[in-house]
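The sequence shown begins at 673 in the working numbering and counts up by one.
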Amino acid sequence: MVNIIIFGPPGAGKGTQANNLVNDFNLFKVSTGDLLRDKIKKKDQLGVKIKSIIDRGLLVKDDIINDLIESILSNKNYFNRLIFDGYPRNFNQARHLDILIKKYYQKISFVFNLKVDHDVIIGRIIGRLICSNCGLTFNEFSNPSTKENHQCHISFLQKRTDDNEKIARNRLETYTKETLPVLNYYQNQNLLYEIDGMSHIHEINKEIRRIIQSLET
673 MVNIIIFGPP GAGKGTQANN LVNDFNLFKV STGDLLRDKI KKKDQLGVKI
723 KSIIDRGLLV KDDIINDLIE SILSNKNYFN RLIFDGYPRN FNQARHLDIL
773 IKKYYQKISF VFNLKVDHDV IIGRIIGRLI CSNCGLTFNE FSNPSTKENH
823 QCHISFLQKR TDDNEKIARN RLETYTKETL PVLNYYQNQN LLYEIDGMSH
873 IHEINKEIRR IIQSLET
């Protein structure tokens with residue numbers, strides 16, 4: 673049983689790798705992006721506010737995110753079997769996560785950081801397509817949807833409204849400023865593992881699984 677955090681700039685493939693690990697180790701994925709988009713779909717006052725923030729490439733306030741995360745950690749069905757995708761984004765969130773982890777008698781076992789060049793990131797974000805039916809993610813340039821890898825109809829493939837170059841560059845700048853310092857926090861705890869995010873999707877998954885399995889045995 674493990675709790676995992678996966679880092680990487682927007683478009684690095686965190687979601688894809690998190691989904692693979694969910695299947696490999698029977699985990700539950702905690703994606704702040706998904707949680708926030710669920711709020712946006714409700715179109716209430718908070719949802720409208722969140723959408724405005726995200727559309728400008730900015731980060732949602734910590735207190736909103738932390739409350740969403742605690743609702744997951746307090747659920748006994750997910751005890752020590754979580755993978756965090758997109759959280760924590762800054763040092764304050766990292767410290768708060770430690771508090772919540774201890775409060776609910778759990779631990780962080782691994783922190784993975786996917787390293788990808790920024791020019792590659794821009795291409796991945798612009799070309800990203802998400803299936804609204806099954807949730808799988810594809811890229812029209814590097815990993816297109818085909819009959820072999822995707823069973824849903826092509827009409828389900830959608831682009832997110834925030835997946836454009838201007839917003840992508842704003843998100844990268846925000847990530848560099850707010851999130852990269854968190855890596856030092858986990859490195860000091862001997863939890864951080866650097867992963868070459870430029871490799872093929874399957875090779876990245878293989879390397880992450882190797883690290884987890886080598887330390888579990």
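Note that beta-carbon positions come from the ideal geometry of N, C-alpha and C, so glycine has one too. Fair warning: this is a prediction, and the values are worked out from it, not measured in the lab.
Would you mind stating whether residue i and residue j have Cβ atoms separated by less than 8 Å?
i	j	result
residue 761	residue 731	yes
residue 702	residue 781	no
residue 828	residue 679	no
residue 737	residue 676	no
residue 695	residue 753	no
residue 772	residue 820	no
residue 787	residue 867	yes
residue 704	residue 750	no
residue 869	residue 685	yes
residue 880	residue 844	no
Which residue or residues does DSSP assign as beta-bridge partners of residue i?
i	result
residue 809	802
residue 785	679, 866
residue 701	755
residue 815	811
residue 829	803
Within 10 Å of its beta-carbon, does residue i have 16 or more other beta-carbons around it, so buried, or fewer, so exposed?
i	result
residue 803	buried
residue 681	buried
residue 877	buried
residue 810	buried
residue 728	exposed
residue 745	buried
residue 720	exposed
residue 834	buried
residue 882	exposed
residue 711	buried
residue 847	buried
residue 858	buried
residue 726	buried
residue 826	exposed
Between the Cα of residue i and the Cα atoms of the options, which residue gives the shortest distance?
i	options	result
residue 757	856, 840, 831, 692	692
residue 796	816, 805, 868	816
residue 837	869, 867, 799	799
residue 656	847, 753, 801, 840	This structure does not reach residue 656, given that the chain is present from 673 up to 889, and the question cannot be answered.
residue 862	826, 873, 714, 887	887
residue 872	789, 791, 814, 823	814
residue 735	708, 885, 714, 775	708
Please confirm whether any heavy atom of the ligand NAP lies closer than 7 Å to the CB of residue i.
i	result
residue 712	Of the ligands one can find in the structure shown there are none, so the ligand NAP has no counterpart to examine.
Quiz item: On the three-pair Cβ rule with 8 Å, is the stretch 849-865 touching the stretch 763-778?
Solution: Cβ pair count under 8 Å is three or more, so yes.
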